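Residue numbers (my numbering): 27 to 156. Glycine included, C-beta positions come from ideal geometry on N, C-alpha and C. These numbers come from a predicted model, not from an experiment. Accompanying notes for the structure given below.
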Amino acid sequence: MAQKVALLTFLTVVIAVSGSGKGGGYRLCAKFCDVISPVCGSDGKTYDSRCHLENAACSGLRVTFHHAGRCYPPNRCPRACPYTYNPVCGTNGKTYPNLCDLENDRNCNGIYVSKKHDGPCAAKVIKKGY
Numbered sequence: 027m028a029q030k031v032a033l034l035t036f037l038t039v040v041i042a043v044s045g046s047g048k049g050g051g052y053r054l055c056a057k058f059c060d061v062i063s064p065v066c067g068s069d070g071k072t073y074d075s076r077c078h079l080e081n082a083a084c085s086g087l088r089v090t091f092h093h094a095g096r097c098y099p100p101n102r103c104p105r106a107c108p109y110t111y112n113p114v115c116g117t118n119g120k121t122y123p124n125l126c127d128l129e130n131d132r133n134c135n136g137i138y139v140s141k142k143h144d145g146p147c148a149a150k151v152i153k154k155g156y
């Protein structure tokens, strides 16, 4: 019985050793993951759970948690926009030539912006204080 426990302990340690660390050493960090709750990693890949993502990171993959749930399909950036001038004002105060250009700024550049209204944003008037 003691031999079985020793063998089981040895196998657990061998399985837990995952990936080589800096300098060629090994790290003990892999975990048994029993929950399936998809998460999106910073590499754009969907992992079965945060535990699975952490195991991938432990094995040397440079990945961090991005958000809960599956990763969105990759955006094709920038999307080809029409050359029509139909200005829209973004919530960031910037006038975009059209809604497509605003969406490209949001989806491809990570700018938190949505359409505030149709038409150009009002110009800021600077009053001189005499």
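Within the model, the alpha-carbon separation for LYS141 versus ALA94 is close to 26 Å. For GLY119, the CB contacts under 6 Å within the same chain, skipping 5 residues up- and downstream, are CYS147 in chain order.
Annotation for CYS147: no beta strand (DSSP E) segment contains it, and DSSP assigns it neither H nor E.
For CYS115, the enclosing beta strand (DSSP E) has its first and last residue at 114-116.
C-alpha of TYR138 to C-alpha of ARG132: approximately 6 Å in a straight line.
Under the three-state reduction of DSSP, CYS66 is assigned to strand.
Leaving aside the five residues that flank TYR73 on each side, the residues in its chain whose CB is nearer than 6 Å to its CB run, in chain order, VAL65, GLY67 and LEU79. Closest option to CYS115, judged by alpha-carbon separation, among ASN135, SER75 and CYS126: CYS126.
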